[in-house]
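Visitor: For the sequence shown, the working numbering assigns the number 10 to the initial residue and increments by one for each residue that follows.
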Amino acid sequence: MFDEQKIKYLLNHRMQSVAMLRWAFDLRSSWREAPSIAVYVDSKLTVEGSLDAITNPMIEVGLVHCRALLEFLGLCDSKGSLGQIKDRRKTDVGVEHFQNAAGPLKKVEPEVALSRYDGDRAEAEKALVAVLHVTNKGLAHNTMDLIESPEGAKLIEIASRGVPALMVSYFYTPLGLQKPDSWITTRPREP
């Protein structure tokens, strides 16, 4: 059927990408204009340029991984609302393909996912649907939907926190697994 260890590794990778999205988003939000950067590898200057050269791809890739994790959990965009995937493709792997002592895990229902957010339910739905929409249209076509939306930054923040929380609640915890540790260490920016 599928290699469970490989799928878990892929899911851990996706969780790391979402964590990097959050870090890159927070870092980039510290400046109106992107400052210059210098990247060192093994104490050798390797890359120089604009902070955007690093943060923009991290944000875009993180959004794609957010979408993949939402779909893994069984969630989709259903005409502008959060919906549940009815049928998967033969080669798709979802949360329901894993089981614990109680049996197969269940796809996450949209209402259950939205109820996990401490804030306004409509805001949570808008954030998750925005991720699903922009990764379908926004990255494949030149569109400014999420970027130019006055609430776009807030929606990215909500999704980048919410998607990992859903994975922990409906995948890692039911299987008795720990949330993946971070692959990197970040430091706060000195004033």
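Using N, Cα and C, we set each Cβ at its ideal position, and we do this for glycine too.
1) Around the C-beta of I1, are 16 or more other C-beta atoms found within 10 angstroms, so that it is buried, or is it exposed?
2) Hey, quick one: how far does the alpha helix (DSSP H) through V70 stretch, first residue to last?
3) Can you give me the C-alpha to C-alpha distance between F34 and R170, rounded to a whole angstrom?
4) Note down, in chain order, each residue of its chain lying with its Cβ closer than 7 angstroms to the Cβ of K99, except the 5 sequence neighbours on either side.
5) Taking the beta strand (DSSP E) that S52 belongs to, which residues open and close that run?
6) May I ask which residues mark the beginning and end of the beta strand (DSSP E) holding G92?
7) Over the uninterrupted alpha helix (DSSP H) stretch that includes S26, give me the two end residues.
8) On the three-state DSSP scale, how would you describe P197?
9) When you compare the CB positions of L78 and V27, do they come within less than 8 angstroms of one another, or not?
10) Assign E134 to one of three DSSP states: helix, strand, or coil.
11) Could you tell me how far apart the beta carbons of R37 and L72 are, in whole angstroms, since I believe they sit closer than 8 angstroms?
12) Is the beta carbon of I46 sitting closer than 8 angstroms to the one on G58?
13) Applying the 10 Å Cβ sphere with the 16-neighbour rule, what's the burial state of A62?
14) Look at the alpha carbon of E132 and the alpha carbon of L164, and state the distance between them as a whole number of angstroms.
15) Which residues in the same chain have their Cβ closer than 6 angstroms to the Cβ of E134, if we skip the five residues on either side of it in sequence?
16) With a Cβ-Cβ cutoff of 8 angstroms, do Q93 and P113 count as a contact?
17) To the nearest angstrom, how far is the alpha carbon of I167 from that of P197?
18) For a quick check, are the C-beta atoms of V140 and C75 less than 8 angstroms apart?
19) With distances taken Cα to Cα, identify the nearest neighbour of K88 among K188, L19, L137, T182.
Guide: Let's see:
1) The structure shown does not extend to residue 1, since the chain is modelled only from 10 through 200, so no value can be given for it.
2) Boundaries of the alpha helix (DSSP H) harbouring V70: 61-81, taken from the DSSP string.
3) About 12 angstroms.
4) No residues qualify anywhere along the chain.
5) Segment: none, S52 is in no beta strand (DSSP E) and carries neither H nor E.
6) Per DSSP, G92 belongs to the beta strand (DSSP E) from 90-93.
7) Start and end: 13-37.
8) For P197, the secondary structure class from DSSP, reduced to helix, strand or coil, is coil.
9) Yes, they are a contact pair.
10) E134 sits in a helix when the DSSP states are folded into three classes.
11) No, R37 and L72 are not in contact; Cβ-Cβ is about 14 angstroms, not under 8 angstroms.
12) Their beta carbons are under 8 angstroms apart, which means I46 touches G58 by this criterion.
13) Exposed: under 16 other Cβ atoms inside 10 Å.
14) If you take the alpha carbons of E132 and L164, they lie about 8 angstroms apart.
15) Only residues of its own chain outside the window of five on either side were considered, and among them L91, L123 have a CB closer than 6 angstroms to the CB of E134, listed in chain order.
16) No.
17) Roughly 21 angstroms between the two C-alpha positions.
18) Yes, the Cβ-Cβ distance between V140 and C75 is below 8 angstroms.
19) If we check each option's Cα against that of K88, L137 comes out closest.
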